[in-house]
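Remarks on the structure that follows.
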Amino acid sequence: MNFVDIDIPFDEAENYFKPNNREKLNKLFYKDRNFSKLLEDTTYFLIGEKGSGKTTYCAYFCNNTIENTRSKRYAISVDDYNKIIQMKKEGKLNYTHYITLWKAILLTKLLATIENSEIGFFNSGALSKIRNTLESYNFTKITMDTFSPVSMMDNVKFCSEMNGELSTDYAKSGGKLSEETTSQYTVQKHIYEDSWQKFINEIAADLEKLRLKNHHYLFIDGIDTRPSDISYEEYKQCIYPLVRAVYDINNDILSRIKDRRKGRLQIILLTRLDIFLNAGLSNAGSKISDNSAFLNWSMSNENQYKETSLFALVNNMLSAGNPTDEKASWDSYFDFKIDRGHRDFDAFRYFLRLSTSKPRDFVKLLKIAKEQCLSSNKKNPDSSVIESDLFQRSYSTYFADTLRTALSFYYNEKQIKLFFDFIKSFKRQVFTYSQYEKIWNGFSDNEALRENFGDSFALLELMFNFNLIALMEDSSYFRWKYRECTIANYDYSIEKNALSPESKFVFHWAAEKEFGLYLR
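Each number in my numbering corresponds to the 1-based position in the sequence shown with 12 added.
Dropping the structure here:
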């Protein structure tokens with residue numbers, strides 16, 4: 013089969029949740045070391061950058077019963093965030109309340125995804141007891157598809173019945189009590205929190221008696237990207253307690269279920285490393301090692317790429333997309349050299365230099381290669397396709413878009429534009445620390461840079477942490493964040509005291525076209 017006839021995987025793993033695409037995912041899915049890690053009873057987090065395969069892993073688990081494990085997914089929506097943040101603005105939540113609220117939401121969602129067929133024959137009474145508890149809080153109509161934090165927090169009975177006359181009056185008024193009335197009853201701030209904690213305690217007691225035929229996972233997805241209409245400060249106050257709640261539920265509540273070797277309940281949160289580290293969990297490094305599956309496809313020695321999981325994954329993509337030839341591999345289509353600045357690279361090494369060693373990067377590279385072949389009436393790629401300006405510009409645009417998405421968790425559109433304008437002012441690919449300081453000081457809107465990003469080193473560190481630049485140790489070794497960051501070295505970054513005016517940095521190859529960083 014020719015390369016242009018290969019079915020390249022989807023850019024977005026969301027497509028694999030559709031029933032007609034499940035078999036396609038089953039064929040292309042590659043089980044790296046994290047597959048077995050996810051099946052351990054102490055794994056509560058799936059950590060990785062966007063494009064590393066978190067949602068693909070989630071889709072594969074949800075589409076199949078894997079080693080006696082059935083899985084469901086809860087994708088948090090913008091409405092969920094907005095409702096919770098609005099409660100904070102109304103004075104009903106603080107940090108502790110956020111954690112309690114998330115526990116109540118996650119437990120209820122977890123229970124909503126358990127099907128009758130998963131309960132042991134002699135244990136139906138335990139499930140009935142849980143459903144009676146839900147009914148006492150007016151949650152009899154909850155299903156996997158209809159339940160959301162919005163419906164939970166709008167439940168008048170849940171928010172009022174357990175809290176006496178004030179909360180009943182509050183519910184009847186639709187939340188419109190006068191300022192005078194609310195000031196007389198400071199207990200109003202605890203209306204929600206008290207009921208949530210009582211609900212959590214009752215459910216926790218019921219769950220201890222529950223026995224399942226299979227293990228049951230609930231994957232929590234959707235926290236990697238901040239909704240544009242929610243500020244970073246509001247978003248982190250809402251989302252960081254979710255990380256803590258996931259750990260507490262797994263460690264303190266779900267671990268009590270009897271006979272966990274046969275059928276346990278487990279919640280797994282999909283999250284980026286930076287979000288996880290900023291969430292305030294104690295001993296974060298230990299929790300990455302003990303309680304997380306960490307998707308990191310980078311390699312320390314690119315010359316040995318054929319021995320890596322990333323190369324095996326890409327080969328699996330090509331063979332899965334070519335059903336007529338299961339032996340199809342990278343070398344079947346990309347056995348040629350690519351010229352770069354008077355140096356030749358074999359194709360995979362060249363693609364490694366263009367990427368940040370994530371599966372989605374390679375999916376995009378393959379798709380662009382296929383598009384360029386089709387537009388050039390070629391059945392298979394060659395060096396001229398990859399070296400073409402159209403190929404380079406297409407991938408550079410993709411790289412800039414992924415950078416923009418990653419930055420949008422912390423910054424708004426205006427701030428990101430300012431940052432991009434600063435990068436465009438370099439007009440060079442390699443620069444020294446002293447040259448960087450001159451560019452910083454000479455930038456036309458230097459004061460805005462300082463106001464939004466801090467001092468010059470803070471912005472340099474930001475560029476490094478988002479894989480836009482690498483520190484050059486010599487002409488052949490570059491220190492990239494994505495390569496240096498491991499479970500053992502999870503918080504790796506550049507150190508100001510280790511830099512000299514002659515310290516050299518290099519921009520990522522993929523940034524060259526989009527930001528005008530041409531070789532000098």
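Note that the Cβ used here is the ideal one computed from N, Cα and C, for glycine as well.
Is the stretch 43-58 in contact with the stretch 21-33, if contact means three or more CB pairs nearer than 8 Å?
no
TYR229, enclosing beta strand (DSSP E) - first and last residue:
227-233
Nearest to LEU37 by CA position, among LYS62, ILE59, ARG45, THR67, is which residue?
THR67
Inspect the beta-carbon positions of ALA257 and TRP492 and report whether they are closer than 8 Å.
no
With a cut-off of 8 Å on the beta carbons, I'd call TYR56 and ILE280 a contact; round off their distance for me.
6 Å
Alpha carbons only, please: which of TYR502, LYS436, ARG268, LYS376 is nearest the one belonging to MET475?
LYS436
Simplified DSSP assignment, three categories, for THR320
coil
Can at least three beta-carbon pairs, one atom from the stretch 514-531 and one from the stretch 481-489, be found at a separation below 8 Å?
yes
State buried or exposed for SER179, treating a residue as buried only when at least 16 other CB atoms are found within 10 Å of its CB.
Note that SER179 has pLDDT 44, beneath the 50 cutoff, so the model's placement of it is unreliable and the number below is only indicative. Looking at its Cβ environment, which holds 16 or more other Cβ atoms inside 10 Å, SER179 is buried.
Euclidean distance between Cα positions of TYR72 and PHE41:
8 Å
Below 7 Å CB to CB, which residues in the same chain sit around SER301 once its five sequence neighbours on both sides are set aside?
ILE499
Would you mind sorting PRO253 into buried or exposed? The rule is 16 or more other CB atoms within 10 Å of its CB.
buried
Around the Cβ of GLU192, are there at least 16 other Cβ atoms within 10 angstroms (buried) or fewer (exposed)?
Low confidence applies here, because GLU192 scores a pLDDT of 45, under 50, leaving its location unreliable; read the following figure in that light. Counting Cβ neighbours within 10 Å, GLU192 comes out exposed, since fewer than 16 surround it.
Could you give the DSSP three-state label for ALA291: helix, strand or coil?
coil
Reduced DSSP secondary structure (H/G/I, E/B, other) of VAL168:
Here VAL168 scores only 45 on pLDDT, less than 50, and its place in the model should not be relied on; the value that follows carries that caveat. Helix.
Give a yes or no on whether the C-beta atoms belonging to VAL442 and LYS516 are separated by under 8 Å.
yes
Pair every Cβ in the stretch 421-437 with every Cβ in the stretch 368-385, then say whether three or more of these pairs are closer than 8 Å.
no
Quick one: give me the first and last residue of the beta strand (DSSP E) that ASP358 is part of.
355-358
Could you pull out every residue in the same chain whose Cβ sits closer than 6 Å to the Cβ of THR198, ignoring the five residues on either side in sequence?
Residue placement at THR198 cannot be trusted, given a pLDDT of 45 that sits under 50; what the coordinates show is reported in the next sentence. Result list for THR198: empty, nothing under 6 Å.
Does the contact criterion of 3 or more C-beta pairs under 8 Å hold for the stretch 356-364 versus the stretch 313-325?
yes
Is GLU61 near the ligand PLP, with its Cβ less than 7 Å from a heavy atom?
By its list of ligands, the structure shown contains no ligand whatsoever, and the ligand PLP lies outside what it can speak to.
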